[in-house]
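These notes concern the structure reproduced below.
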Amino acid sequence: MFDWFSNILGLVGSGDSTDRATKLNNDFIRHEAKIGGKLFGPVPRNRRRDFFCLDSHTWIWHEEWLDQNGQNHIQTTRYEVRPDGVVKAQDGQMQYQKVGDEELQRLIKAAKMYEAQVYQEIYQPIFQS
Numbered sequence: 002m003f004d005w006f007s008n009i010l011g012l013v014g015s016g017d018s019t020d021r022a023t024k025l026n027n028d029f030i031r032h033e034a035k036i037g038g039k040l041f042g043p044v045p046r047n048r049r050r051d052f053f054c055l056d057s058h059t060w061i062w063h064e065e066w067l068d069q070n071g072q073n074h075i076q077t078t079r080y081e082v083r084p085d086g087v088v089k090a091q092d093g094q095m096q097y098q099k100v101g102d103e104e105l106q107r108l109i110k111a112a113k114m115y116e117a118q119v120y121q122e123i124y125q126p127i128f129q130s
């Protein structure tokens, strides 16, 4: 994913490169997150779902929704790939838990789907032009 980003930065030229690179990176992550949020079906009305690769070792699953009483709910799961396995923290907790085998297999499947879909929708058209 990040090799693609480096290649794209080369396409936009120089100038105020740090600010442009940061803005471009954030724009790509937002777009990728929306694509990732739709991988598992349509996002219901009054709900926001994002799934994305933040960096080479971090994946984020984020959902926001309104319940029947109009109360806003937010749930964020941060997955970190470490040399000794994958761990997760939810809703800003600093304590990480090791991800079990079944959840790990689902995460791997989701990451592969994400990479394929994001490449197809965003990066492949750029590199083919």
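Numbered per this note's numbering, the sequence shown spans residues 2 to 130.
Using N, Cα and C, we set each Cβ at its ideal position, and we do this for glycine too.
As the structure is a prediction and not an experimental result, all values here were calculated from the model.
Report the rounded CA-to-CA distance for residue i versus residue j, giving the unit in angstroms.
i	j	result
W5	H32	Its pLDDT being 48, under 50, W5 is placed unreliably by the model, and the measurement read from it follows with that caveat. About 14 Å.
G84	P43	Note on identity: in this sequence residue 84 is Pro, with Gly being the wrong assignment. Going from the Cα of P84 to the Cα of P43 covers about 34 Å.
W62	I123	20 Å
K99	Q91	12 Å
Q146	Y80	Limits of the chain in this structure are 2 at one end and 130 at the other, which puts residue 146 out of reach.
D28	M95	27 Å
N26	S18	12 Å
D56	V87	14 Å
What do you get for residue i, buried or exposed, if any count of 16 or more other CB atoms within 10 angstroms of its CB means buried?
i	result
I75	exposed
L108	buried
K24	exposed
K110	exposed
Near residue i, which residues of its chain fall below 6 Å by C-beta distance, leaving aside the five closest residues on each side in sequence?
i	result
E65	R49 and I75
On the DSSP bridge list, what partners appear for residue i?
i	result
A90	R79
K99	V88
T19	DSSP output for T19 lists no bridge partner at all.
F52	W62
Less than 7 Å between C-beta atoms, sequence neighbours within five positions excluded: which residues of the same chain meet that for residue i?
i	result
V82	H58
Q125	none
Between residue i and the ligand FMN, is there a pair consisting of the residue's CB and a ligand heavy atom that are separated by less than 8 Å?
i	result
E122	Ligands are entirely absent from the displayed structure, and the ligand FMN is therefore not among its contents.
Legend entry - Inter-stretch contact (C-beta, 8 Å, three-pair minimum) for the segment 31-47 and the segment 110-120: yes
Inset, instruction - Could you tell me whether the segment 122-130 touches the segment 52-61, using the rule of 3 or more Cβ pairs below 8 Å? - result: no
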